[in-house]
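The next block holds one structure in the form of structure tokens; read it before the comments.
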Amino acid sequence: MADTLADDQPTDRTDHLPSAIVIGQRFAGRYLLEALLGRGGMGAVYRVRDLELDEVVALKLLETTSETPDGIERFRREVRLARRVTHRNAARTYDLGEQDGRRFLTMEYVDGQGLDTLTRGHRLDLATVLDITAQIAEGLAAAHAAQVVHRDLKPSNVLVERVSLDTGRVGGRVIITDFGIARGLHGSDATLNTDGTVGTPAYMAPEQLAGEPVSSATDVYALGLMLHELLTGELPFLRTGTQPGAAVNLMQTALARLHESPPDLSSTHDLDPGIAHLLALMLSLEPNERPNAARVAAALAQIHADLQAELASGPAIDRDKTPVLVRQLALAVLPFLHRGPADTAYVGEALGDELIDLLAQTNGLRVSGGGATARYADRRDRDPREIGRELGVDALVDGTVQVVGERVRISARLLDGATGFQRWSERFEGSIGDVFELQDKLGKRIAEALRLEVEHSVHRGDATPEAVEHYLRARQLARLWKFKEPDGAIDHLQRCLALAPSFKPALAAHANACMHGWFLPRAEGDPDYQAMAEQALEVALGWAPELAETHLAVARWHTATGDYRGAAHSLSFALTIAPTYAPALAYLGQLQVEGGRPQQGLAHLELAFELEPSLAFCLPAIARYHVLRGDVEAYDATVGRYYAIEPRPTDVPVVLLQLRAAAWLGEPSRLERPAAALAELISPSSPIYEFAAILWLDELGEDEIVARVERALPLVPNPRFRTAILQIACEASLRRAHAQLGLRWLELAGDGPLADVDWLEHCVMLEPLRSKLLYRQIKTTARARADAIWWR
Numbered sequence: 001m002a003d004t005l006a007d008d009q010p011t012d013r014t015d016h017l018p019s020a021i022v023i024g025q026r027f028a029g030r031y032l033l034e035a036l037l038g039r040g041g042m043g044a045v046y047r048v049r050d051l052e053l054d055e056v057v058a059l060k061l062l063e064t065t066s067e068t069p070d071g072i073e074r075f076r077r078e079v080r081l082a083r084r085v086t087h088r089n090a091a092r093t094y095d096l097g098e099q100d101g102r103r104f105l106t107m108e109y110v111d112g113q114g115l116d117t118l119t120r121g122h123r124l125d126l127a128t129v130l131d132i133t134a135q136i137a138e139g140l141a142a143a144h145a146a147q148v149v150h151r152d153l154k155p156s157n158v159l160v161e162r163v164s165l166d167t168g169r170v171g172g173r174v175i176i177t178d179f180g181i182a183r184g185l186h187g188s189d190a191t192l193n194t195d196g197t198v199g200t201p202a203y204m205a206p207e208q209l210a211g212e213p214v215s216s217a218t219d220v221y222a223l224g225l226m227l228h229e230l231l232t233g234e235l236p237f238l239r240t241g242t243q244p245g246a247a248v249n250l251m252q253t254a255l256a257r258l259h260e261s262p263p264d265l266s267s268t269h270d271l272d273p274g275i276a277h278l279l280a281l282m283l284s285l286e287p288n289e290r291p292n293a294a295r296v297a298a299a300l301a302q303i304h305a306d307l308q309a310e311l312a313s314g315p316a317i318d319r320d321k322t323p324v325l326v327r328q329l330a331l332a333v334l335p336f337l338h339r340g341p342a343d344t345a346y347v348g349e350a351l352g353d354e355l356i357d358l359l360a361q362t363n364g365l366r367v368s369g370g371g372a373t374a375r376y377a378d379r380r381d382r383d384p385r386e387i388g389r390e391l392g393v394d395a396l397v398d399g400t401v402q403v404v405g406e407r408v409r410i411s412a413r414l415l416d417g418a419t420g421f422q423r424w425s426e427r428f429e430g431s432i433g434d435v436f437e438l439q440d441k442l443g444k445r446i447a448e449a450l451r452l453e454v455e456h457s458v459h460r461g462d463a464t465p466e467a468v469e470h471y472l473r474a475r476q477l478a479r480l481w482k483f484k485e486p487d488g489a490i491d492h493l494q495r496c497l498a499l500a501p502s503f504k505p506a507l508a509a510h511a512n513a514c515m516h517g518w519f520l521p522r523a524e525g526d527p528d529y530q531a532m533a534e535q536a537l538e539v540a541l542g543w544a545p546e547l548a549e550t551h552l553a554v555a556r557w558h559t560a561t562g563d564y565r566g567a568a569h570s571l572s573f574a575l576t577i578a579p580t581y582a583p584a585l586a587y588l589g590q591l592q593v594e595g596g597r598p599q600q601g602l603a604h605l606e607l608a609f610e611l612e613p614s615l616a617f618c619l620p621a622i623a624r625y626h627v628l629r630g631d632v633e634a635y636d637a638t639v640g641r642y643y644a645i646e647p648r649p650t651d652v653p654v655v656l657l658q659l660r661a662a663a664w665l666g667e668p669s670r671l672e673r674p675a676a677a678l679a680e681l682i683s684p685s686s687p688i689y690e691f692a693a694i695l696w697l698d699e700l701g702e703d704e705i706v707a708r709v710e711r712a713l714p715l716v717p718n719p720r721f722r723t724a725i726l727q728i729a730c731e732a733s734l735r736r737a738h739a740q741l742g743l744r745w746l747e748l749a750g751d752g753p754l755a756d757v758d759w760l761e762h763c764v765m766l767e768p769l770r771s772k773l774l775y776r777q778i779k780t781t782a783r784a785r786a787d788a789i790w791w792r
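With the UniProt record's numbering, you'll find the sequence shown wraps up at 792, consecutive numbering, no jumps.
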């Protein structure tokens with residue numbers, strides 16, 4: 001029997017229990033054993049009461065026969081990986097312990113039953129199948145966002161809460177359990193010997209059966225098999241023995257998947273073509289042809305919603321039977337009205353096509369094609385309410401393109417399809433000289449502005465006007481880096497969520513703000529921002545996993561803890577959701593510049609700045625790249641661009657870069673302005689200011705440098721910021737010819753999450769260390785970390 005957390009068949013029998021494990025007795029001094037829930041290859045699972053917390057949890061005990069080094073490592077890996085996944089559709093893992101040499105873990109207890117037992121002997125209705133499968137897909141999406149592949153997804157590893165089960169409808173949570181053979185996509189877990197045919201053959205993907213590397217697409221295939229079984233009552237590719245009436249041969253059935261495509265259920269089972277099409281995609285032989293779990297969840301949820309609408313309205317809804325992977329808000333882009341010479345009319349047409357393409361890739365939107373709106377091209381009396389009804393959309397993008405000489409002015413606005421009210425408007429200007437660059441840049445800018453407005457519009461109904469006001473105020477404060485103040489971004493977001501706990505944009509923004517709170521230097525009386533950030537991330541991943549902002553916060557967490565590969569994956573996931581999300585592009589660009597992909601990084605930083613010119617922090621990363629290579633002209637020009645936006649810097653890292661660059665360039669005259677600016681940003685009595693002063697004070701001995709660094713480090717709890725402090729300490733020591741001290745700080749930085757190969761390879765201050773063996777070892781380690789980010 002597979003491991004389960006469900007109370008399927010409660011029992012007080014003890015004849016099969018391991019010795020010293022007796023129902024009704026206390027285990028590990030804390031857990032009262034109430035019932036045996038089930039057994040699996042790794043051990044037995046019990047329902048227990050945690051006497052310290054007075055809560056019912058599940059306790060999984062490693063069987064004595066599994067107490068081998070491999071068994072223990074698998075057990076530890078199950079805990080390590082499962083704890084990454086925090087979502088309402090994935091069973092929570094709490095703790096790992098040991099009692100009398102027996103290892104155990106505690107998990108969330110689910111009052112329900114396995115999906116295999118729920119479906120035994122009868123079929124579920126279509127609405128329930130869609131609901132169950134969509135919830136499984138949402139849980140998988142959260143696991144994949146945490147870089148975890150389940151690898152053994154099957155009905156017995158899925159629990160259904162005991163809610164409305166008597167009616168044949170689910171109505172409650174569906175929970176994925178048993179990450180016992182799960183594998184991390186990245187990091188140390190990915191190096192474990194877990195390839196090959198580990199899993200259950202009946203639900204294995206072709207690549208898993210062939211012993212090839214697995215990925216998140218492997219879980220999507222297994223979910224496709226389960227969906228097929230729920231819809232038809234059987235697995236696809238069925239093979240039986242050679243004798244008449246022989247039973248199904250599960251291994252032959254599984255092996256058939258290596259060479260065959262699944263049957264078309266729309267013709268064999270009178271199934272909705274949209275569901276059949278989605279199922280065919282999920283069961284594609286090639287992993288890269290399968291949709292990701294988040295898109296599967298969205299498609300199933302939409303099909304389920306359409307089915308409910310059809311049942312409610314009677315007549316069938318006229319809709320595209322191919323599942324649209326995201327349908328939260330329907331949008332149409334009207335042809336832009338042209339004002340200018342006739343031979344420039346193509347500018348508006350090209351811009352409209354670009355917008356449709358970009359918006360169609362954005363999570364949360366269903367965008368009508370250009371053909372649907374072409375008839376409105378010459379209409380000047382565009383009533384958004386009438387057009388909204390005709391097209392069946394919630395909102396419309398309308399605008400004008402005015403061409404005067406070589407200049408183009410574009411006005412765009414977002415209109416409500418029901419009321420006709422204007423939700424958003426903005427003007428953009430550019431040159432007609434390069435129409436392709438114009439349509440690309442302006443198209444992306446408009447698309448990103450629209451994405452944010454549409455996202456807020458979709459979720460605004462979850463918040464009161466007062467809550468929305470707090471959220472908007474927090475966004476403004478975040479742009480000024482005011483996170484921790486009594487009336488700062490975190491404070492306003494907490495007020496917002498107190499009024500509107502389910503307001504998803506605020507949940508994601510709170511996770512990002514808490515990450516900033518953890519990154520900034522600690523002040524007296526500060527709460528534990530690391531714990532706050534971890535909790536906020538857990539909530540955002542559980543309730544707002546479809547927002548790109550959530551995955552940016554996850555990327556910040558990974559970066560802070562040195563998991564740069566995980567950060568790159570989360571950023572890639574965010575940009576899959578929202579290709580024009582400027583902060584994710586900027587963060588990825590910075591990671592690429594530091595991690596040995598500078599040209600890609602510079603391109604992403606410039607694109608992010610074009611999409612959102614308020615992101616001035618993109619420019620220092622570009623400036624640093626140039627000054628490390630001694631390109632003074634490019635460095636000065638980029639710093640000048642920054643000060644054109646921020647006449648008085650609000651970002652301490654910008655000032656620190658200028659102070660460091662003065663030393664890199666050997667130009668002390670460059671120190672005066674940033675030193676004065678720093679005194680405006682940080683109190684001169686602060687240990688952080690005293691530390692920064694080592695960049696410009698001339699007469700400092702080794703002991704004084706050590707004292708200033710050691711006073712500053714306790715105020716920097718974030719590992720990434722701590723590494724940056726040590727890099728600066730290294731430079732300041734070398735500037736005063738304290739080579740051994742500089743090497744000491746570099747070694748400490750190397751012990752942390754140092755992967756800044758651009759600095760290690762190009763910073764002129766490090767020249768005295770380049771012949772040292774320890775420097776070469778640190779550089780090699782950092783290079784390996786950086787290269788590992790981009791491995792596929």
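Glycine residues also receive a C-beta, built at the ideal position from the N, C-alpha and C atoms.
Item: Just verifying my parser: in three-state terms, what is the DSSP assignment at Ser683?; Value: coil
Item: Does DSSP classify Gln147 as helix, strand or coil?; Value: coil
Item: In angstroms, rounded to a whole number, what distance separates the CA positions of Arg423 and Leu414?; Value: 5 angstroms
Item: Could you check how far apart the C-beta atoms of Thr638 and Leu657 are, in whole angstroms? I think they sit under 8 angstroms.; Value: Going by Cβ atoms, the distance from Thr638 to Leu657 rounds to 10 angstroms, so no, they are not a contact pair.
Item: Buried or exposed for Arg375, please, with buried defined as at least 16 other CB atoms from any protein chain shown within 10 angstroms of its CB.; Value: exposed
Item: Can you find a C-beta in chain C that's less than 9 angstroms from the C-beta of Arg670?; Value: No chain C appears in the structure shown, which is made up of a single protein chain.
Item: Kindly indicate the opening and closing residues of the alpha helix (DSSP H) around Trp785.; Value: It should be noted that the sequence gives Arg, not Trp, for residue 785. Leu773 to Trp790 is the extent of the alpha helix (DSSP H) around Arg785.
Item: Cα-Cα, which of Ala142, Ser570 and Thr232 is closest to Arg120?; Value: Thr232
Item: In the DSSP assignment, the alpha helix (DSSP H) including Ala500 goes from what residue to what residue?; Value: Run containing Ala500: none; DSSP gives neither H nor E here.
Item: Assuming the contact rule is C-beta atoms closer than 8 angstroms, Phe539 and Leu507 should be a hit. Round their C-beta distance to whole Å, please.; Value: The amino acid occupying residue 539 in the given sequence is Val; Phe does not appear at that position. Right, the Cβ-Cβ distance comes to about 6 angstroms (below 8 angstroms), so this counts as a contact.
Item: Determine the extent of the beta strand (DSSP E) in which Ser572 is found, giving its start and end residues.; Value: Unbroken run through Ser572 is the alpha helix (DSSP H), Tyr564 to Ile577; no beta strand (DSSP E).
Item: Give me the Cα-Cα distance between Pro714 and Glu212, rounded to the nearest whole angstrom.; Value: 47 angstroms
Item: Among Asp50, Gln302 and Val48, which one has its Cα closest to the Cα of Asp131?; Value: Gln302
Item: Excluding five sequence neighbours on each side, which residues of the same chain lie with their C-beta closer than 6 angstroms to the C-beta of Tyr775?; Value: Leu769
Item: So Trp759 is in the alpha helix (DSSP H); what residue range does that whole segment cover?; Value: Val757 to His762
Item: Give a yes or no on whether the C-beta atoms belonging to Glu426 and Ser411 are separated by under 9 angstroms.; Value: yes
Item: In whole angstroms, what separates the C-alpha of Arg722 from that of Phe691?; Value: 12 angstroms
Item: Under 9 angstroms, do Leu611 and Leu585 count as touching if we go by C-beta distance?; Value: yes
Item: Are three or more beta carbon pairs between the region 97–110 and the region 139–154 nearer than 8 angstroms?; Value: no
Item: DSSP three-state call for Lys60: helix, strand or coil?; Value: strand
Item: On the three-state DSSP scale, how would you describe Met204?; Value: coil
Item: In chain order, what residues of the same chain lie with their CB nearer than 6 angstroms to the CB of Ser216, ignoring the 5 residues before and after it?; Value: His144 and Val149
Item: If we count Cβ pairs, one from each stretch, closer than 8 angstroms, do we get three or more for the region 730–741 versus the region 573–583?; Value: no
Item: Just mark Glu52 as buried or exposed, buried being the case when its beta carbon has 16 or more other beta carbons within 10 Å.; Value: exposed
Item: Cα-Cα, which of Ala134, Asp416 and Asp751 is closest to Asn89?; Value: Ala134
Item: On the three-state DSSP scale, how would you describe Val22?; Value: coil
Item: Please state whether DSSP places Glu429 in a helix, a strand or coil.; Value: strand
Item: By the 10 Å Cβ neighbour count, where 16 or more other Cβ atoms means buried, how is Asn288 classified, buried or exposed?; Value: exposed
Item: Using three-state DSSP, classify Thr93 as helix, strand or coil.; Value: strand
Item: Count the other CB atoms within 10 Å of the CB of Leu258; is the residue buried (16 or more) or exposed (fewer)?; Value: exposed
Item: Find the nearest neighbour of Leu118 within the set Val158, Ala712 and Val401, judged by alpha-carbon distance.; Value: Val158
Item: Output the distance between the C-alpha atoms of Glu667 and Trp745, rounded to the nearest integer angstrom.; Value: 24 angstroms
Item: Considering only DSSP beta bridges, list what Tyr46 is partnered with.; Value: Leu36 and Leu59
Item: Leaving out five residues before and five after Ala489 in sequence, what residues of the same chain have Cβ atoms less than 7 angstroms from its Cβ?; Value: Ala474, Leu477, Ala478, Lys482, Phe483 and Ala513
Item: Say whether the region 589–599 touches the region 750–760, bearing in mind that this needs 3 or more beta-carbon pairs closer than 8 angstroms, one atom from each stretch.; Value: yes
Item: Please name the residue or residues paired with Trp424 in a DSSP beta bridge.; Value: Leu414
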